[in-house]
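Protein chains in written order, with this note's numbering: chain D, 786 to 1288; chain G, 25 to 155. Heads up, the beta-carbon is just placed ideally off N, CA and C, and yes, glycines get one too. Right, one structure below, let's go through it.
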Amino acid sequence: MIRRLLIANRGEIARRILRACRELGIETVAVYSDADAAAPHVSEADRAIRIGPPPARESYLNIDAILGAATASQCDAVHPGYGFLSERAAFARAVETAGLTFVGPPASALEAMGSKVGARKLMTNAGVPVVPGETPADQSDGSMTAAAQKVGFPLLIKPAAGGGGIGMKAVHDESGLAGALAAARREAKASFGNDTLYIERLIEKPRHVEIQVFADNYGNTVHVFERECSAQRRHQKVIEESPCAALSASVRGRMGAAAVAAAQAVGYRNAGTCEFLLEGDGDSARFYFLEMNTRLQVEHPVTEAVVGIDLVHAQLRVASGEKLPFSQDSLTQRGHAIECRIYAEDPAQGFLPQAGPLLLYREPQGPGIRVDSGVKKGSEVSVHYDPMLAKLIVHASTREEARRRAITALRDFAILGIRTNIPFLLEILDHQKFVDASIDTEFLDREGAAIASSIPQEMPNAAALVIEAIRKNPALRQNDALGTGGTPGTPADPFESLGSWRG
Amino acid sequence: MDKHSVHALGDGWFLVEDDERRVRVAVASNADGTWVFMDGQVARLDSGTQGPAASRRRSRGPQDVMSPMPATVVAINAIPGQAVTEGETIIVLEAMKMELPIKAPRSGVVKAVHCAKGDLVQPGVNLLELD
């Protein structure tokens, strides 16, 4: 078993990995940038090493600094978490070259899945269905137009080396093609240094359904069922759940088999996720391979809740050379789980990222409620990293019970000092489309602004009464979360006016 | 809630009750204002204090271009003396992996640029002045 592990990440996922290590008796080494010196993941680790200034490229993306920390602290393994260096083949290779264990797939699998074009070819050969599309060797406008006509409209133009929706263009008829090609080339060149494009059919109103897979070094590859992540805004997932209401048992079985075939085709090891688009529902639904995420996913707790396994434990065991701790036959889905991502962003201001101190922070608790977070009361949310503060994961016996549990928990999730998307999450969970489990991947891009505008704008009466009571009796203010609400009774009293409230 | 009472529960929490119901409310404040939480909803009251944040806000005029949040300057598309039109992106900021285009609030001539590419800027700080 791994003896001492360096966690090359921050925030909630660093704490998640840290807890799993502690449970397995593995010592932990955290790394941090100057912006995170006081972060919970740093104080909770057995050791912590500074790796650089706040910008990620000088700290969490700095391979030399991270490997230096791993060597100096005599670690025998590195867990990359998600984001940052987790899917960089160069990092996995550097870790292996330094004689350490990389908790993840081999560098060769990262490379094979890292190129969308290459992965597509591999998947087609492995019999995994992909969205009909073309990558013309000749990338001239004429050749691209011919390819577009072959694929058919509506279609999507995507950078071959891309990800995260950057440079992706939807084209509904031939008149929009030339402009979209030029824009996609520009963005692909700027973001990825490579302007090769591919064209694929646009699947309208699809669902995003992904299959968790797991492989060990002994030839065992299993799938751990699906997660539906159709609730996404600008390709950023907001709510994930499992099971997917649109999946019949037979389609689920075929998707699982396709995901296993995909993993085997690239010699995959450890945890990974195959993303699919699902068109339609029931037994007639069709699915298409999108890409493989070669790492632990943000939304992995949804699977853990429904299947009753610990994916990080399994990652550490498999990386240590053990066999998979479960077999395909031993895995079943039980009940329903929903994850809500809590982002530091203001839905009322176009989801503008928020930064500032958490004056008050209280997570909900109760049966079937799990919160994975990277912050605590007093934390300073900085502008340097992803705005996700925490994930709320609820589990219940039915989807409707899970939905109600999520609503109740979010209403009890108190964060003051910066704005969060919690009011937005509450509106989605209450939306008829979510209740009916009928949302598609474009739903939040189409209706997100309207949903955000339905967030209550008036200060609740009871909240106004508390402010009024504090104004009348300043002694009450000592119960304020920080006890620092200004000097009572001065003309500059923040409780003087209720004029500038915004809910 | 006409006839009501407010009790402090500690740690920033208050219980408001009347004959019909009870509601729990959390309150926290700092120099910038007071925040209130109830049932998943949050409201904020800006402070009217003389603190630096407030005075910065008050000094804001139509000639100024401000950052809405702490962010890094990634591009400046204007130099002093240049004419800009309303709505034109004159500065691009980046925060939390997201680009924030800062647009000219009105047409005019750039009088001064108070930031440089790579600067970390705070909200309310003047980035650029228009004549």
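| query | The beta strand (DSSP E) with H1169 (chain D) in it runs from where to where? | reply | In the first sequence, counting from the first residue as 1, residue 1169 (chain D) sits at position 384. Run containing H1169 (chain D): none; DSSP gives neither H nor E here.
| message | Cutting at 6 Å between CB atoms, please list the residues of its own chain near D1215 (chain D), excluding the five before and the five after it. | response | Translated into the one-based positions of the first sequence, residue 1215 (chain D) becomes position 430. Result list for D1215 (chain D): empty, nothing under 6 Å.
| Rounded to whole angstroms, how far is the Cβ of V1251 (chain D) from the Cβ of V149 (chain G), which I believe are closer than 8 Å? | Translated into the one-based positions of the first sequence, residue 1251 (chain D) becomes position 466. Translated into the one-based positions of the second sequence, residue 149 (chain G) becomes position 125. The pair is not a contact, with the Cβ atoms about 33 Å apart (cut-off 8 Å).
| message | Rounding to the nearest angstrom, what Cα-Cα distance links D1001 (chain D) and M1040 (chain D) in this structure? | response | Walking along the first sequence from the start, residue 1001 (chain D) turns up at place 216. Walking along the first sequence from the start, residue 1040 (chain D) turns up at place 255. Distance between the alpha carbons of D1001 (chain D) and M1040 (chain D): 20 Å.
| query | Would M953 (chain D) count as contacting chain G if we go by Cβ distances under 8 Å? | reply | Numbered from its first residue, the first sequence carries residue 953 (chain D) at position 168. Chain G, which has no Cβ nearer than 8 Å to the Cβ of M953 (chain D), makes this no.
| message | Which same chain residues end up closer than 8 Å to V1091 (chain D) when comparing Cβ atoms and leaving out the 5 residues on each side of it in sequence? | response | Taking the first sequence and counting its residues from 1, one reaches residue 1091 (chain D) at position 306. Within the same chain, V1091 (chain D) has close Cβ partners F1010, S1027, P1028, Q1118, R1119, G1120, H1121, A1122 and H1180.
| If you measure beta-carbon to beta-carbon, which residues of the region 40-55 of chain G are closer than 7 Å to chain D? | In summary, the residues of the region 40-55 of chain G whose CB is separated from some CB of chain D by less than 7 Å are V40, V47, V49, A50, V51, A52, S53 and N54, in the order they occur in the chain.
| request: Sort D:A824, D:D1230, D:E1243 and D:E1064 by Cα distance to R759 (chain D) and report the nearest one. | output: This structure does not reach residue 759 (chain D), given that chain D is present from 786 up to 1288, and the question cannot be answered.
| said: Please tell me whether P890 (chain D) and G1057 (chain D) are closer than 8 Å, where the distance is taken between their beta carbons. | reply: Along the first sequence, read from residue 1 onward, the residue named residue 890 (chain D) stands at position 105. Along the first sequence, read from residue 1 onward, the residue named residue 1057 (chain D) stands at position 272. In contact: P890 (chain D) and G1057 (chain D) (Cβ atoms closer than 8 Å).
| request: Please classify N1258 (chain D): does DSSP put it in a helix, a strand, or coil? | output: Walking along the first sequence from the start, residue 1258 (chain D) turns up at place 473. Coil, per DSSP.
| Helix, strand or coil: which one does DSSP assign to N1078 (chain D)? | For this step, residue 1078 (chain D) is matched to residue 293 along the first sequence. It is a strand residue.
| field | Any C-beta of chain G under 8 Å from that of P1142 (chain D) | value | One-based indexing of the first sequence puts residue 1142 (chain D) at position 357. Contacts with chain G at 8 Å (Cβ-Cβ) include P1142 (chain D).
| query | Is there a Cβ from chain D that is less than 8 Å from the Cβ of A140 (chain G)? | reply | By 1-based counting over the second sequence, the position of residue 140 (chain G) is 116. False, the Cβ-Cβ gap to chain D never drops below 8 Å.
| For the region 1199-1221 of chain D, which residues have a beta carbon sitting closer than 8 Å to at least one beta carbon of chain G? | A1199, I1200, L1201, G1202, R1204, T1205, I1207, P1208 and L1211
| task | Out of G:Q106, G:M62 and G:V116, point me to the one whose CA is closest to W37 (chain G)'s CA. | result | Sequence index remark: in the second sequence, residue 37 (chain G) carries index 13 (1-based). Ranking G:Q106, G:M62 and G:V116 by Cα distance to W37 (chain G) puts G:M62 first.
| query | Interface residues of chain G around V1160 (chain D) at Cβ under 8 Å? | reply | On the first sequence, position 375 is the one that residue 1160 (chain D) refers to. Within chain G, no C-beta atom comes nearer than 8 Å to that of V1160 (chain D); the closest sits roughly 14 Å away.
| query | Which whole-angstrom value is the C-beta distance of I1192 (chain D) and A1016 (chain D), which I expect to be below 8 Å? | reply | Walking along the first sequence from the start, residue 1192 (chain D) turns up at place 407. Walking along the first sequence from the start, residue 1016 (chain D) turns up at place 231. No, I1192 (chain D) and A1016 (chain D) are not in contact; Cβ-Cβ is about 14 Å, not under 8 Å.
| Do L152 (chain G) and A102 (chain G) come within 8 Å of each other at the CB atom, strictly closer than that value? | In the second sequence, counting from the first residue as 1, residue 102 (chain G) sits at position 78. In the second sequence, counting from the first residue as 1, residue 152 (chain G) sits at position 128. Their beta carbons are under 8 Å apart, which means A102 (chain G) touches L152 (chain G) by this criterion.
| said: Residues of chain G with CB closer than 8 Å to the CB of I1252 (chain D), please, in chain order. | reply: Your numbering for residue 1252 (chain D) matches position 467 in the first sequence. Those are V51, T58, V60 and L69, listed as they occur along chain G.
| message | According to DSSP, simplified to helix, strand and coil, what is C1059 (chain D)? | response | The residue you call residue 1059 (chain D) lines up with position 274 of the first sequence. Here C1059 (chain D) sits in strand by DSSP.
| query | Using the beta-carbon of each residue, which ones in chain G are nearer than 7 Å to A1247 (chain D)? | reply | Position 462 of the first sequence holds residue 1247 (chain D). Under the 7 Å cutoff, chain G gives M25, V40, V47, V49 and M62.
| request: Quickly, what does DSSP pair C1125 (chain D) with across the bridge? List them, please. | output: As a position in the first sequence, residue 1125 (chain D) is number 340, starting the count at 1. Note: C1125 (chain D) sits in a beta bridge opposite D:I1024 and D:L1177.
| From the beta carbon of G36 (chain G), is the nearest beta carbon of chain D less than 8 Å away? | In the second sequence, residue 36 (chain G) corresponds to position 12, counting from 1. Yes, its Cβ sits closer than 8 Å to a Cβ of chain D.
| Closer than 8 Å, CB to CB, is P129 (chain G) near chain D or not? | Walking along the second sequence from the start, residue 129 (chain G) turns up at place 105. Not an interface residue.
| request: Could you give the DSSP three-state label for C1014 (chain D): helix, strand or coil? | output: Position 229 of the first sequence, counted from the start, is the residue given in the question as residue 1014 (chain D). In the structure shown, C1014 (chain D) sits in a strand (DSSP, three-state: E or B).
| said: Residues of chain D with CB closer than 9 Å to the CB of P94 (chain G), please, in chain order. | reply: The sequence position of residue 94 (chain G) within the second sequence is 70, counting from 1. Near P94 (chain G) (Cβ distances below 9 Å), the residues of chain D are A1140, G1141, S1167 and V1168.
| What first and last residue would you give for the alpha helix (DSSP H) that runs through F938 (chain D)? | Locating residue 938 (chain D) in the first sequence gives position 153, counting from the first residue. Segment: none, F938 (chain D) is in no alpha helix (DSSP H) and carries neither H nor E.
| In this structure, what does DSSP give as the bridge partners for K954 (chain D)? | Along the first sequence, read from residue 1 onward, the residue named residue 954 (chain D) stands at position 169. Under the DSSP definition of a beta bridge, K954 (chain D) partners with D:I942.
| task | Buried or exposed for E808 (chain D), please, with buried defined as at least 16 other CB atoms from any protein chain shown within 10 angstroms of its CB. | result | Position 23 of the first sequence holds residue 808 (chain D). Exposed, because fewer than 16 other Cβ atoms sit within 10 Å of the Cβ of E808 (chain D).
| At a Cβ threshold of 8 Å, is A32 (chain G) touching chain D? | In the second sequence, residue 32 (chain G) corresponds to position 8, counting from 1. It does: the Cβ of A32 (chain G) has a partner Cβ on chain D nearer than 8 Å.
| request: Answer with yes or no whether the minimum CB distance from M786 (chain D) to chain G is below 8 Å. | output: Counting from 1 along the first sequence, the entry for residue 786 (chain D) is found at position 1. Output row for M786 (chain D): interface = no.
| task | Specify, as a first and last residue, the run of the alpha helix (DSSP H) that M90 (chain G) falls within. | result | Against the second sequence, residue 90 (chain G) aligns to sequence position 66. Element bounds for M90 (chain G): not the alpha helix (DSSP H) but the beta strand (DSSP E), D88 to M90.
| query | Who pairs with E829 (chain D) in a beta bridge, going by DSSP? | reply | Residue numbering aside, residue 829 (chain D) sits at position 44 when the first sequence is read from its first letter. According to DSSP, which records beta bridges pairwise, E829 (chain D) is partnered with nothing at all.
| task | Determine, using beta carbons only, whether V66 (chain G) comes closer than 8 Å to chain D. | result | Indexing the second sequence from 1 puts residue 66 (chain G) at position 42. Yes - at least one Cβ of chain D is within 8 Å of the one on V66 (chain G).
| field | Member of G:E123, G:D88, G:E112 and G:H28 whose CA lies at the smallest distance from the CA of V98 (chain G) | value | Numbered from 1 along the second sequence, position 74 holds the residue referred to as residue 98 (chain G). Per the Cα distances, G:E123.
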